[in-house]
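Have a look at the structure below before the remarks.
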Amino acid sequence: MELTMAGALNAALRDSMRDDDSVVVYGEDVGRLGGVFRVTDGLQAEMGTDRCFDTPVAEAGIAGTALGMALYGLRPVVEMQFDGFSYPALNQVISHVAKYRNRTRGRVGLPLVIRIPYGGGIGAVEHHSESPEAYYAHTAGLTVVSPGTPADAYALLRASIAFDDPVIFLEPKRRYWLKEELDLPVAAPPIGEAIVRREGTTATVIAYGPMVTTALEAATRASDEQGWELEVVDVRTLSPLDMGTLVASATKTGRALVVHEAARFVGYGAEIAAELSERAFGYLAAPVLRVTGFDVPYPSAKIERHFLPDADRILDAVGRLLEY
Amino acid sequence: MSVEVSSAASGPSSFPGLSQAAWQDVAAEGALGAATPHDVDLSAEQLRSLYRLMALSRRVDRQAINLTRQGALGVFASSQGQEAAQVGAVFALEADDWLFPTYRETVGTFARGVDVVELLALFSGSWHCGFDPYKYRVAPLTTPLATQALHAVGLAMAARIKHDPIVALTFFGDGAASEGDAHEALNMAGVYGAPVVFVVQNNGYAISVPYRLQTKASSIALRAAGVGIPGIRVDGNDVVSVYGAVKTAVDRARRGDGPTLVEAVTYRLEAHTTADDTSRYRSDDEATEWRGRDPVERFLRVLREGGVVDDAFVAEVEAEGEATAARMRDFLFDAPAGDPREMFDHVYAARTPQLDIERALLEQELRAAEES
Amino acid sequence: MPTIRDFLMPDLGEGLTEGEINRWLVAEGDVVVVDQPVAEITTEKAVVEVPTPFAGRVATLHGAEGATITVGKPLISIEVAVSASAEGASGNLLVGYGTSEAAPRSRRSAPLQRPDGPAPVATAAMPPASPLVRRRAIELGIDLSTVTGSGPGGMVTQADLERAQSRDGATSTSEQPAAAGTTRIALTGVDRIAAERLTRSHHEVPSATAWLSADATRLMELRAELPAGSTDSSVTPFAIILRLCTVALRKFPRLNAHFDTETNEVVRFTPIHLGVAVQTDRGLVVAVIRDAQTKSLRVIADELQVLAGAARDGSIDAADLRGSTFTVSNFGAFGVDGGTAIINPPEAAILGVGRIATRPWVVDDQVAPRSVVELSLVFDHRVADGGVAGGFIRHLADLIETPDEAIADD
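Chains as they are written, first to last, in our numbering: chain A, 1 to 324; chain B, 1001 to 1372; chain C, 2001 to 2410.
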C-alpha cells in the first residue's frame, strides 16, 4: 500500500491508540479538523473526545497538562501546530518535562510525546519554517527523534509513543507528501539507532529529517554526473546520537559532511563534526564539513530556496572534501 | 500598604468561630459579593488536628530558618504567617487526592504528610526533590512560578478520563498569578471541567513587589469570572474559613462540577527567603499589624476558649515540635553529600552510551582524587 | 570529656563570600542552647541573626565586632559535651558555601583518557595518523603502513615517525639514548632564529636551481686596471659581481621580489636591497646594501667591506640586517665552486657565487686556461620559472665575461 508520510503518521497514531488505551492525542485543531496537515484525521471520530480532543490556543498549557497526564499514568501524544509555535512551551519542556525524572530521582518517568512539524521549503509565512532541533537536543533528559521517510515516520512514532521517557518528535513537514510502498505495521527500530540509507566509498553524507531526501538525491546525481559513490547516513534519533554508525562510515570513507536546514552557527552539525573529529581523527582525509542554512532568520517564501541546502550545495561540499 | 481582608475578619482576634466559615463568592459578571457565612462541620478531634498541624509546621519552619543561618540549608522560603491558608486547604483533601506545591509550601506539604527531612532536600542541596511523589501524591516543590498549575490541570484531566474521583489542588501566589501559565491553567481547567482547586495565597508581596504593582484587579479571585469558573475570596488567616471554602471547592470538583479558584488573603511574616532583606521594601509596622492577626495564635485562643484544647494538649504538641526539630537538626546539619555519580543515573530510564562515558570519566576523576 | 566544635561562617545569601560581625550576642564563657542567637552578621543583602547549632559553653569568638569573616572559616567555637550524635560528623559540609575559590586540587600525574576515544579500525589500509603526521611521512618518504602507532587508538605520532626514520638509517632527530662521547648543544639566539627561518624556507618554498660557469678572465683584468681609489678599500671580484647583479636584476626584475604566503602574492620591488651573506663567529648573517642600484662599484665595494667588518665584530646595526630583496652568497669564500643555497625567506631567489679558479676553457676553438667562476641561482618556482632564472644567470654570466660597459662609469 502506498502511503504518504502524513498517512503513515496517522496510521501510527491510530494503531498506537488501538493497542494501548492510555494513549491520548490532543492539541490545537487535532480533533474535529484532524490537524492542519491531516495527521490526526479520523482519530476523534474513532476514539471519542476523551482520547482525541482540541485545546485552547495555549502551547505552554498543552505541554504542561501533558506532564500532568503522564504523571497520572496516561501516554499523551500532543502536538505543537508549527515549529515556530513550540517556543511558548519551551519553559515547560526545558524546566520540567526534561528534568522531572532526574528531579524525582528516577521515581517518576514521563512517557509523553510532543509532535512538532518542522523545517522549511513549503513557501510559508514567518514562524512556520523553523528548525529548532538544537534547542531540544541540547537539553539533557529529552529524546529527540526525526524520521526522514514514511516507513520511519510510522515506525519511529510508534516507538516514541511506547518509549518511557519524553520524546520530541520532529516531523519534516515538507516531506509529509512523500510516498512510499508500505506494508503496515513496520517493525520499529530502536530509538537511538542511525541507519545507512545508501552505501558508498567516496564520502559520507550525514542527514536527518527533511535533508534525507535531499542527500539521497545528491548521491544519485553524484554517481551519474561525477562517478562518486556517496554513503548516506540517516541519523534518525538526534539524541541520544548513534555515534558508532557515524564513526564507522566516516572511518570507511575518510570524508564526511553533515547537512541540515538549521543555521550553521552552533547548529546540530557542529556536534557531529566535533565528535567525528575526536573519534575518527586519524582516519579522516579532510575536515568534517557542514552544509547548512545561513545564520539568518528564516527568509520569506520567495527567497527561501537560496537559504535551503540543496543537492548542488552537497555536491560542492563533496568536491571540497575531495580536494584534500 | 495593607491588603483588604474579608469584612468578616474585623479586628485582630476575631473570626467567625470553630464551626462557621465566611467567604466572598465571585459572581459570574465579575463582582465580588459580600462575605456570607457557611456552616462548617469540624469535629473536636479535627479541630485539634488542625491546630497540631499548624503548630508543628510553624516549629518546622522556624527550625529550617535556623538551619539556614547555620549553613545546613542553602536557602529557605518561610511560610510563617500562612499556616492557616496552607494547612486549612490541604486538610480538605482526601487520601487519594494530589497536591502541587511550590517552594513556599513547606508548611502545606508537611501538613499533607511528607516527611520533613525528605521535604527539605530541595533546600539542603542534596537533591532537587527528596521525596517520592507517588508515595505521598505530592508533586515536587516547583520553582518556576505557576508552571505546576498546568501539571495539576493535566493530572486532573487524566483522572477524569479514567473516571477516578480524585481532585488535584495547587497553590500559587499573587506574583505567580501574573504568569501566562496561571491563566492557561485556569482557562484550560474551565474548558475541560477539570477537578482542580487553585488556592492562590495572596500574601501581598512577590519578593519586594507589592500587590498594587502586580495587578490593577482589586482581587485575584475575580479572574475566575474571566475564565468562567467559580471564584472565592477568603480570609487566609482564618483556618476554619479556609477549610470551609476549599472543602466546598474540593467537593464540587470531585462530583464532576469542575474547578474553583480560591484566593486566600494572608501575609508573609518572614522575608521571601533567608537571602532577602524586608527592610528594603516594607515597614516593620505592617508586619506588626499582621502579627496581630497571627493565624496560629488566634486559633489557639478560640480553641482554648471553646474548651477544645487544654494545656496538656498544647504541651504535647510543643514536645512533638521539639522532637521534630531535633530530628531535623540531626539529619540536616552536617549531612553528607550524596554520590556524584548518581547525577547520570536518572536522566533517562536507561543510561545512554554517552552518559555511560561521562559517568566513567567522573569515576576516573574520583578514583584519582582518592588515590592522591 | 568535652569537645570543641567549630561553627563555620555560613553562606547567608546564595553565594555570598563573607560577612561582617555587627554585634556579638554572647561572650566567651557563656552557656548557650541549641539555636540560640549568638551573633548579628551584616552581609551584602541583610543583617542576620545567626543561631548556634551546638549547645554548650562558648569557647572562642573568632573575631571582634566589626571584623569580617570569610564563609567557611570558624565564626564561634563551642565546648560541647560528647554525645552519640556529636560523633561521626562528616566534616561540616556547608551548603551554599559561597562563591570563593575551591581549594586547588593537586594536578593528576597522567591525563584521564576518554573511554570512547579513537579506536583502531582493523580493516583500515593504513594506521590512523593526523594530517600533520601524514604530511611529515610523505616528506620523510616513510610508508605509514609500516609504522606502528603508539598514540591514542593506535595513532601514529611524530615520535613514531622519528623512530621509523632512524630505523631506516636516516639521521634521527628524536631522543636517542645518550652514548659516551656525545655532547648536546642547544640552539639559542641567532642560531635558533636562523634555524627556524632556514627550516621554514626549506619546507615552504618550492625551489629549483639553475647554474652555469662563466669566464671571469676579463673581469679579473679589469679589476687590476682599476685606478687606485680615494679610499683604502680594495675592490674584490665579489664586489664587482655584486655590482653586475644589480644590472642583471634590472633586466630580470621578477627575481627582485618577495613571495607573500599569507596573501599568495608576488611582491616586486623597484629598489634593489642586496643581501650579502656574511660568515661570522656567531653564525651566518645577511648584511644589506640598500638601494644598490644607485651605487657605483666603488661605493658597493666600500659598503661591503664596512658591513662585513661590522657584522663580524658584532657592531652592525639591526637596520642593516633587514629588508633585503635579493641575496647573494659568496661560496668562493669557503673555497667551493657552488651549491644550492637556502633561499632567505620571503625572498624569491638567492645567488651563489663560487671561487674564481683557473680552469681549462675553450677560446677560439682552442683549449686555454681561464679564470672561471660558477654561478648557482636557487629560485622560488612560484615566482619565476626556468626561463627567467636561466635568463638572469645567462645575462649575469655575459656581464661577467664582458664587464667593461657595465662598470665603465664607476
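Every residue gets a Cβ at the ideal spot worked out from N, C-alpha and C, and that includes glycine.
query, result
"For C:V2121, return the contacting residues in chain A, with the cut-off set at a CB-CB distance below 7 Å.", "T251 and Y283"
"Return no unless some Cβ of chain A is closer than 9 Å to the Cβ of B:G1113.", "no"
"What are the start and end residues of each continuous alpha helix (DSSP H) run of 4 or more residues lying completely inside the segment 40-97 of chain A, in chain order?", "43-47 and 59-72"
"Closer than 9 Å, CB to CB, is B:G1226 near chain C or not?", "no"
"For C:P2127, I'd like the list of residues in its chain whose CB is within less than 8 Å of its CB, leaving aside the five on either flank, ordered along the chain.", "P2120, L2144, S2145, V2147, T2148, G2149, G2154, M2155 and V2156"
"What is the rounded straight-line gap between the Cα of B:A1241 and the Cα of A:A60?", "The residue asked about is misnamed: residue 1241 of chain B is Ser in this sequence, not Ala. Roughly 33 Å between the two C-alpha positions."
"Would you check if the distance between the CB atom of B:P1230 and the CB atom of B:G1258 is smaller than 9 Å?", "yes"
"I'd like to check one pair, A:G209 with A:G148: are the Cβ atoms closer than 9 Å?", "yes"
"Quick one: any contact between the segment 1194-1203 of chain B and the segment 1166-1173 of chain B, if contact means 3 or more CB pairs under 8 Å?", "yes"
"Establish whether the CB of B:Q1080 and some CB of chain C are separated by less than 9 Å.", "no"
"Three-state secondary structure (DSSP) at A:R115?", "strand"
"For a test of the three-state rule: what should DSSP assign to A:L178, helix, strand or coil?", "coil"
"Can you name, in chain order, every residue of its own chain whose Cβ lies under 7 Å from the Cβ of C:S2085, other than the five neighbours on each side?", "In this prediction, C:S2085 scores a pLDDT of 44, lower than 50, which makes its location untrustworthy; the coordinate-derived value is nonetheless stated afterwards. Same-chain partners within the cutoff: there are none."
"Which of helix, strand or coil does DSSP assign to B:P1353?", "helix"
"Report the three-state DSSP secondary structure of B:D1181 (helix, strand or coil).", "helix"
"What residue range is occupied by the uninterrupted beta strand (DSSP E) comprising A:G27?", "V23 to G27"
"DSSP has C:S2329 in a bridge; who is on the other side?", "C:G2352"
"Among C:V2026, C:A2046, C:P2037 and C:N2022, which has the Cα closest to the Cα of B:S1279?", "C:A2046"
"So what does DSSP say about C:T2157, is it helix, strand or coil?", "coil"
"Could you give the residue range of the beta strand (DSSP E) that holds B:V1107?", "Premise fails: B:V1107 lies in the alpha helix (DSSP H), T1106 to R1112, not in any beta strand (DSSP E)."
"Buried or exposed: where does B:Q1148 fall if 16 or more other Cβ atoms within 10 Å of its Cβ makes it buried?", "buried"
"Give the single residue among C:A2129, C:V2373, C:R2290 and C:A2384 whose Cα lies nearest to the Cα of C:I2400.", "C:V2373"
"When you compare the CB of C:G2149 with every CB in chain A, is at least one pair closer than 9 Å?", "yes"
"Quick one: using the 10 Å Cβ neighbour count with 16 as the cut-off for buried, is C:I2185 buried or exposed?", "exposed"
"Name the DSSP bridge partner or partners of C:R2370?", "C:R2359"
"Using the DSSP secondary-structure output, state which residues sit across from C:E2079 in a beta bridge.", "C:I2004 and C:R2057"
"Given a cut-off of 9 Å on the beta-carbon distance, is the pair C:S2130 and A:F281 in contact?", "yes"
"Quick one: grab the DSSP three-state call for C:V2050.", "strand"
"By the 7 Å beta-carbon criterion, what residues does the segment 1079-1099 of chain B contribute toward chain A?", "none"
"Can the beta-carbon of C:L2212 be found closer than 9 Å to that of C:I2240?", "no"
"Counting pairs of beta carbons, one from the segment 45-57 of chain A and one from the segment 67-75 of chain A, are three or more of them closer than 8 Å?", "no"
"Output needed for A:A218: all residues of its chain with C-beta closer than 6 Å, excluding positions within five of it in sequence on either side, in chain order.", "A311, I314 and L315"
"Using CA atoms only, rank isn't needed, just tell me which of B:Q1063, B:P1037, B:R1069 and B:Q1046 is closest to B:A1275.", "B:R1069"
"Closest to B:R1048 by C-alpha separation, out of B:E1118, B:T1288, B:L1093 and B:V1314, would be which residue?", "B:V1314"
"Anything in chain B within Cβ reach of C:V2048, meaning under 7 Å, just list it in chain order.", "R1069"
"Count the C-beta pairs between the segment 1218-1225 of chain B and the segment 1024-1042 of chain B that are closer than 8 Å, then say yes if the count reaches three, no if not.", "yes"
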